[in-house]
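Chains as they are written, first to last, in the working numbering: chain A, 1392 to 1720; chain L, 186 to 633. Structure record follows, encoded as structure tokens.
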Amino acid sequence: MPEIAWREALNQAMSEEMERDVNVFLMGEEVARYNGAYKVSQGLLDKFGSARVVDAPISELGFAGLGVGAAMVGLRPIIEMMTWNFAILAMDQIVNNAAKLRHMSGGQLRCPIVFRGPNGSGGRLSSQHSQSLEANYAHFPGLKVLAPSTPADAKGLLKAAIRDDNPIIFLEAELLYGVKGEVPTGEHLLPIGKADLKREGKDATIITWSRMYYFAEQAAQLLEKEGIHVDLVDLRTLKPLDEEAILTSVRKTNRVVVVEEGWSFCGVGAQIADIIQLRAFDELDAPVERVTGLDVNRSYAAVLEKATEVSTERIVAAVKKVMYREEGT
Amino acid sequence: MATEVQLPALSPTMTEGKIVKWLKKEGDSISSGEAIAEVETDKSNLEVEAFDDGVLLKILVAEGETGKVGAPIAVIGQKGEKVEVSAAPAKAPAPAAAPAPPARPAPKVPPPGPEARKEVPQPEERGRRAGGPAQVVPIRRAEEPPPPAADDGGRVRASPLAKRMAREEGLDLAGVQGSGPSGRIVKRDVEAAMGQAGQAAAVARAPAPAGRPAPVAVPSFGRREPEVLPISGMRKIISQRMAEVKPGVPHFYVTVDIDMEEAAKIREQAKAAEVKVSINDLIVKAAAMALRRQPKVNVSLQGDRILQFHTADVGIAVAIEDGLITPVIRDADQKTLGTIAAEARELAERARRKALKPEEYAGGSITVSNLGMFGVDSFIAVINPPQASIVAVGGVAEKPVVREGKVVARKMMSTTFSGDHRIVDGALGAQYLQELKALLENPTRLLF
């Protein structure tokens, strides 16, 4: 399999789906002539023309609404948000229209639309451009929320998202666009709602998604040197959540650390901890530990930013804590 | 609407039970309160009653199979109703096999992308860049609250998993030292405690669902393979308990020889009055009266408390098929020898049929264990916690003893007292035996 970067994997997914289905089109800020702010849509304008690769004005609420309307009447829009921080402006279209059309119309309308774009830290972009917003979208019924970690997963899930008949929030980590990995060429579809056990171990479970997977993997490698073997569950889809994958691992290891780039309060990890205490109470040998971004705004200053972000060290410490080892105890 | 019949906990220590017999078949009508099945618990066979009227639609756990407490064993509903089973049936699962998904190579962390600004932060590198003192970032959660003030009501702190393991293994967590925060008992502590319980416990823990014995790793040297016997619920409990008791309860032993000439005469007199009284009945009565005279022996250690009883209840060890059980004769000090004899016979008979109720073998502070009928001279017995002592009684036999300077033949009986040294001391045990000896050697005292 060829090694390609995340952005190329996304490009392949969109390009293949646009070739397969004329109803698929891409719209967003600078997606066409500039080939995308992060070069995800490189070459798509040349390939599919300006009717299907559309530069939108700087008006997130407006073009999100255009996308919802297009989806209602049979097209399959991909709406690129330059970042999910900006998509906060489009929340009304996403939450009040996209997520609710099927319900409000008594099932007469569908909304097959993908909202996609970079999420989470951008590396010293300060508080307005560093937010991890998955918990916001996962909160609403009617939306599916995807947050893959590897280029291959990104391709397989974006293709599946474009073919899905429901509104999808597709979260790409800004800092992963250049990360490379092996990606199958051509048709590669992954099921929405299925987690992936990326590493197997018997001592503790780390549950994570998106960019935090790489931190968890590094932590797992450090822990392995100390004889601690972790199960690493990469959720890939946050909603619908693969509860069985979580519970299967918890039953095996009896100890859980949930790693989340976003904030702790009402985070996705809080929901996961709730499911575990509810459905696997008798399996737990320790309280579920969470490693999250600290509950403050991200700073521009590198030292402060680092101090408030998730680190490999904190994941290692949390795993030791649930195992009642050393500084963990 | 169809209702599931769940396997009830028929004894305090029961976690699973074997369906010995279905008293109803599928299709039979059932009224509420009617017994539908006979279940072998860890101690005895008990009946499961239906709580609903209707028809027995489906049996989920077949005769001979073992079910978990709380899980469905049958479905009752209206005739012709379709059966939908919500939960997994109660069949005790095979030993948890770790799921074995296909092996896969650990994915490697991809190198950072080409652009300087957008590269993946490599945490270690960042750590170096930050320089200076180590991470100040604490683990997000506040530290565990400090242990509460001394009196926490004797509550055992244990993780949910540790509690579940202890429940399944029949381990009392009160005696386990916790190594987690605030003394929390965690998995490794339970494992250590089970490890101490030794190989007997390991045998008991070995997967042995009825009819599906685990493979045995004993070389047969080309000869006939040994028989593999399933471990019954009772055997499992006995092996677990004994493995815990011997290292867990420090035993001490005191032995006396008791002259039973007079006691034997009492027995003859009873026979003449057409009352059947055994030597053991006399010992039970004497043991109860001795408890009254030495109330410090009438105790039980329960966690961090000692209970001293106001009643004198005496257990009698009854050997039954594949084990033993100790039904208790309540207020044995208050009862006539005739009453004790009748009760003991009746309890022993039901014990052999495994038909004792849990409350009939719970409590008491002492047990009488008698192997005299097997020609045993003397032996020492293992205490049955939470009782604090046991008397092991040998047979009555003529022995040469010295009386007033002359060797004479007397009917003698050797008795050994085992005490839990944590709450009963050697001198106390000796004083108790002194009372027992005095009562049996002057058995008219047993009559008033």
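Heads up, the beta-carbon is just placed ideally off N, CA and C, and yes, glycines get one too.
Let me make sure I understand the geometry here. Which of L:Ala502, L:Ser563, L:Ala359 and L:Gly579 has the alpha-carbon closest to that of L:Glu534?
Considering only L:Ala502, L:Ser563, L:Ala359 and L:Gly579, the residue with the shortest C-alpha distance to L:Glu534 is L:Ala502.
Check for me: the beta strand (DSSP E) holding L:Gly239 runs from which residue to which?
Counting along the chain, the beta strand (DSSP E) containing L:Gly239 begins and ends at Gly239 to Ile244.
Between which residues of its own chain and A:Ser1518 is the CB-CB distance below 7 Å, once the five residues before and five after are set aside?
Asn1688 and Arg1689
Just the chain L side, please: which residues come within less than 9 Å of A:Glu1674 by C-beta, in chain order?
Think of a sphere of 9 Å around the beta carbon of A:Glu1674: the chain L residues whose beta carbon falls inside it are Pro345, Leu346 and Arg349, in chain order.
Can we say the stretch 1634-1645 of chain A touches the stretch 1499-1514 of chain A, given the rule of at least three CB pairs closer than 8 Å?
no
Under DSSP, the alpha helix (DSSP H) around L:Ile443 begins and ends at which residues?
Secondary structure note for L:Ile443: it is in no alpha helix (DSSP H), and the uninterrupted beta strand (DSSP E) holding it is His436 to Asp444.
Under 8 Å between beta-carbons, which chain L residues line up against A:Tyr1425? List them in chain order, please.
Chain L residues near A:Tyr1425: none, gap ~16 Å exceeds 8 Å.
Would you say A:Tyr1691 lies against chain L (beta-carbon separation less than 9 Å)?
no
Of all the residues that make up the stretch 1626-1656 of chain A, which are near chain L by a beta-carbon distance shorter than 7 Å?
In summary, the residues of the stretch 1626-1656 of chain A whose CB is separated from some CB of chain L by less than 7 Å are Thr1639, Lys1643, Asn1645 and Ser1655, in the order they occur in the chain.
Report the neighbours of L:Lys639 on chain A: residues whose CB is nearer than 8 Å to its CB, in chain order.
The requested residue 639 of chain L does not occur in the structure, where chain L is confined to residues 186 to 633.
Would L:Pro570 and L:Leu509 qualify as a contact pair, given that the criterion is a beta-carbon distance under 9 Å?
Not closer than 9 Å, so no.
Name the chain A residues whose beta carbon is nearer than 9 Å to that of L:Gly365?
Asp1676, Ala1677, Tyr1715 and Thr1720
Please work out which residues of its chain come closer than 7 Å, Cβ to Cβ, to A:Met1463, disregarding the five sequence neighbours upstream and downstream, and give them in chain order.
Correct list, in chain order: Leu1492, Leu1500 and Cys1502.
Hey, quick one: how far does the beta strand (DSSP E) through L:Pro345 stretch, first residue to last?
From DSSP, L:Pro345 is part of no beta strand (DSSP E) but of the alpha helix (DSSP H) over Pro345 to Glu354.
Per DSSP, what kind of secondary structure is A:Ser1406 in: helix, strand or coil?
Three-state DSSP puts A:Ser1406 in a helix.
Rounding to the nearest angstrom, what Cα-Cα distance links A:Glu1573 and A:Tyr1605 in this structure?
Straight-line measurement puts the Cα of A:Tyr1605 at about 15 Å from the Cα of A:Glu1573.
Which of the three DSSP states, helix, strand or coil, is assigned to A:Lys1593?
Three-state result, A:Lys1593: coil.
Determine the DSSP secondary structure at L:Pro432, reduced to helix, strand or coil.
helix
Classify L:Pro570 as helix, strand or coil using the three-state DSSP reduction.
coil
Okay, do the stretch 609-619 of chain L and the stretch 518-527 of chain L touch, 3+ Cβ pairs below 8 Å being the bar?
Because the criterion of three Cβ pairs below 8 Å is not met, the stretch 609-619 of chain L and the stretch 518-527 of chain L do not touch.
With C-beta atoms as the reference, is A:Tyr1528 less than 9 Å away from A:Ile1553?
Cβ distance not < 9 Å, so A:Tyr1528 and A:Ile1553 don't count as in contact.
Based on Cα-Cα distance, which residue from A:Gly1456, A:Pro1575, A:Asn1488 and A:Val1707 lies nearest to A:Glu1394?
For A:Glu1394, the nearest C-alpha among the options comes from A:Pro1575.
With DSSP collapsed to three states, give me the class of L:Lys210.
Correct three-state label for L:Lys210: coil.
Is A:Asn1645 helix, strand or coil by DSSP?
Assignment of A:Asn1645 by DSSP, reduced to helix, strand and coil, places it in the coil class.
Taking the alpha-carbon of L:Gly355 as reference, which of L:Pro480, L:Met199 and L:Pro435 has the nearest alpha-carbon?
L:Met199
Contact check, L:Gly557 vs L:Val439 under 8 Å by CB: the rounded distance?
Going by Cβ atoms, the distance from L:Gly557 to L:Val439 rounds to 19 Å, so no, they are not a contact pair.
Quick check: the stretch 547-564 of chain L against the stretch 467-481 of chain L, are there 3 or more CB pairs under 8 Å?
Yes: the two stretches touch, three or more of their Cβ pairs being nearer than 8 Å.
Going residue by residue through the stretch 469-525 of chain L, where are the continuous beta strand (DSSP E) segments of at least 3 residues, counting only ones entirely within it?
Qualifying beta strand (DSSP E) stretches, in chain order: 484-487, 490-493, 499-501, 503-505 and 508-510.
Looking at the ligand FAD, does it come within less than 8 Å of A:Val1649, judged from the CB to the closest heavy atom?
Absent from the structure shown: the ligand FAD. Ligands present: none.
Classify A:Tyr1429 as buried or exposed, calling it buried when 16 or more other Cβ atoms lie within 10 Å of its own Cβ.
buried
Taking the straight line between their C-alpha atoms, what separation do you get for L:Ile525 and L:Asn627?
19 Å
According to DSSP, what are the bridge partners of A:Trp1654?
A:Gly1684
Which residue comes first and which comes last in the beta strand (DSSP E) that contains A:Arg1507?
Residue range Val1505 to Asn1510 is occupied by the beta strand (DSSP E) that includes A:Arg1507.
Using DSSP with H/G/I as helix, E/B as strand and the rest coil, what is L:Ile565?
coil
Pick from L:Met598, L:Lys584 and L:Ser599: whose alpha carbon is nearest that of L:Val592?
L:Lys584
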